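> Here this note's numbering runs 723 ahead of the position in the sequence shown, where the first position is 1. We treat Cβ as the ideally placed atom computed from N, Cα and C, and that holds for glycine. Given the structure is predicted, the values throughout are model-derived calculations rather than measurements. There's a structure below that I have some questions on.
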Amino acid sequence: MEAELKQQEALMRSLREFVDALRDIKKTEDVGNINRDVVGAVRALCGSSQAKNGIQWHDEVWQRGLVPIFQRLCLCMTRLDQLEAQERKEVGPQTARQAEKPKAPAGLLSLRDYSVLQAAVELLFCWGAHPRVAAGVLMPIEKRRPTRTLEISKDVLMWGYREFTRVVVDAENKREETVCELLAITQAVLQLLSLPQFQPILLPKYVVELLALLVYGEMAMDTETPTPEQTEFIRLREMVLRVLPLRMSMSSLRAALGQSTPVISELAVGQRFKARCGYLLSRLLMEDGGIVATIELLLG
């Protein structure tokens, strides 16, 4: 267990240093300075000591940085939970004295680490997922209202989107590639937020965005037969809808529809997205408790 605890601390340390570096970037009108400072933080996170020609740092940050760290963190924390459960089984039932003084779970994060982790999730969403979704489906980054503990400027949060749109002029022609990338990003976020330690606190904060990404991933390409990526998006979406309480599923889908902007109706993919959300809401309505949940949503 000691090895897993050390690995978890090392992963969280790299995230803390990364997030702190971005929090130190002050708001300025000089985009060049922001880009330089952000790239410096990304290079440190990815372990790139020297600048490389032709490298796209907005891709590097999720491909070699945030997504692998999230994946390793998930494996590490899952292993810690397994080892702790095995230890409890070997020790046997607690004594009365032990029950009076419960032991903190192994690998329990501090409040500061929760703040850092949520900031890292927000960065991966803004830098990785948002640019790969058609305009109008998600709430614009500048209008998002993250928690007060984020402490990262909007200019920094917009960096990934600016860099992506600067390099990818015609996203429509790269739709298949971006959907594959979006799946990898969405999987990493969903896997992390589904861990027992984070599911009650962090998952509800991102459930609207996750459902929007999962529905969009299914509908992004108009194909007669679902691709492997679309099939995986569908599987993950159904898993999320099964895990969430019915009322939260319905309210989150309604919120996903509500956060889209009018421009979505002008795009074929936007029309498919809205139609799929409507279908899912109708399906949930017909489930046991669906009508009551709908009435509660309308009245509440």
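Is DSSP giving threonine 1017 helix, strand or coil here?
One-based indexing of the sequence shown puts residue 1017 at position 294. DSSP places threonine 1017 in helix when its eight states are reduced to three.
> Buried or exposed for leucine 789, please, with buried defined as at least 16 other CB atoms from any protein chain shown within 10 angstroms of its CB.
Counting from 1 along the sequence shown, the entry for residue 789 is found at position 66. So leucine 789 ends up on the buried side.
> One question on the structure: do alanine 943 and arginine 898 come within less than 8 Å of each other, judged by their Cβ atoms?
Counted from its first residue, the sequence shown places residue 943 at position 220. Counted from its first residue, the sequence shown places residue 898 at position 175. Against a cut-off of 8 Å, the Cβ pair of arginine 898 and alanine 943 comes out as a contact.
> First and last residue of the alpha helix (DSSP H) that includes glutamate 732?
Here residue 732 is taken as the residue at index 9 of the sequence shown, counted from 1. Glutamate 732 -> alpha helix (DSSP H) spans 725 to 746.
> So, are the CB atoms of leucine 806 and leucine 734 less than 8 Å apart?
Along the sequence shown, read from residue 1 onward, the residue named residue 806 stands at position 83. Along the sequence shown, read from residue 1 onward, the residue named residue 734 stands at position 11. Their beta carbons are not under 8 Å apart, which means leucine 806 does not touch leucine 734 by this criterion.
> How would you call alanine 935, buried or exposed, if buried means at least 16 neighbouring beta carbons within 10 angstroms?
The count along the sequence shown starts at 1 and reaches residue 935 at position 212. Buried: at least 16 other Cβ atoms inside 10 Å.
> Around the C-beta of valine 1027, are 16 or more other C-beta atoms found within 10 angstroms, so that it is buried, or is it exposed?
The structure shown does not extend to residue 1027, since the chain is modelled only from 724 through 1023, so no value can be given for it.
> Give a yes or no on whether the minimum CB-CB distance between leucine 918 and chain D is below 8 Å.
The structure shown contains no chain D, having only a single protein chain.
> Do leucine 1004 and methionine 973 have their C-beta atoms closer together than 8 Å?
Sequence index remark: in the sequence shown, residue 1004 carries index 281 (1-based). Sequence index remark: in the sequence shown, residue 973 carries index 250 (1-based). Yes, the Cβ-Cβ distance between leucine 1004 and methionine 973 is below 8 Å.
> Rounded to the nearest angstrom, what separates leucine 728 and arginine 739 at their Cα positions?
By one-based count along the sequence shown, residue 728 stands at place 5. By one-based count along the sequence shown, residue 739 stands at place 16. Spanning the two alpha carbons is a distance of roughly 16 Å.
> Can you name, in chain order, every residue of its own chain whose Cβ lies under 6 Å from the Cβ of glycine 1013, other than the five neighbours on each side?
Taking the first residue of the sequence shown as position 1, residue 1013 is located at position 290. Leu1007, listed in sequence order.
> Could you give the residue range of the alpha helix (DSSP H) that holds glycine 993?
Counted from its first residue, the sequence shown places residue 993 at position 270. Counting along the chain, the alpha helix (DSSP H) containing glycine 993 begins and ends at 991 to 1008.
> On a Cα-Cα basis, can you pick out the residue from Tyr837, Gly830, Cys903 that is closest to leucine 926?
To locate residue 926, count along the sequence shown from 1; it is residue 203. When each option's Cα is compared against that of leucine 926, the closest is Tyr837.
> DSSP three-state call for methionine 944: helix, strand or coil?
Position 221 of the sequence shown, counted from the first residue, corresponds to residue 944. Correct three-state label for methionine 944: coil.
> Quick one: give me the first and last residue of the alpha helix (DSSP H) that alanine 978 is part of.
Locating residue 978 in the sequence shown gives position 255, where the first residue counts as 1. Counting along the chain, the alpha helix (DSSP H) containing alanine 978 begins and ends at 969 to 981.
> Does the separation of the CB atoms of glycine 940 and leucine 906 fall below 8 Å?
To locate residue 940, count along the sequence shown from 1; it is residue 217. To locate residue 906, count along the sequence shown from 1; it is residue 183. In contact: glycine 940 and leucine 906 (Cβ atoms closer than 8 Å).
> Does aspartate 1011 come out as helix, strand or coil in the three-state DSSP assignment?
Taking the first residue of the sequence shown as 1, we reach residue 1011 at position 288. Aspartate 1011 falls in the coil class under three-state DSSP.
> Between lysine 997 and alanine 858, what straight-line distance do the alpha-carbon atoms span, to the nearest angstrom?
Against the sequence shown, residue 997 aligns to sequence position 274. Against the sequence shown, residue 858 aligns to sequence position 135. Distance between the alpha carbons of lysine 997 and alanine 858: 13 Å.
> Between Val814, Thr818, Leu846, which lies nearest to valine 761 when the distance is taken from Cα to Cα?
Residue 761 sits at position 38 when you count from the first residue of the sequence shown. Residue Leu846 is the option with its Cα nearest to valine 761.
> Could you tell me the alpha carbon to alpha carbon distance between threonine 888 and threonine 1017, rounded to whole angstroms?
Counted from its first residue, the sequence shown places residue 888 at position 165. Counted from its first residue, the sequence shown places residue 1017 at position 294. Cα to Cα, threonine 888 sits roughly 39 Å from threonine 1017.
> Taking one C-beta from the segment 825 to 835 and one from the segment 799 to 814 each time, how about it: are there three or more such pairs within less than 8 Å?
They touch, by the three-pair rule.
> Can you say whether glutamine 841 is buried or exposed, counting buried as having 16 or more other CB atoms within 10 angstroms of its CB?
One-based indexing of the sequence shown puts residue 841 at position 118. Classification of glutamine 841: buried, given that the 10 Å Cβ count is 16 or more.
> Pick helix, strand or coil for proline 828, following the three-state DSSP scheme.
Here residue 828 refers to the residue found at position 105 when the sequence shown is read from its first residue. Correct three-state label for proline 828: coil.
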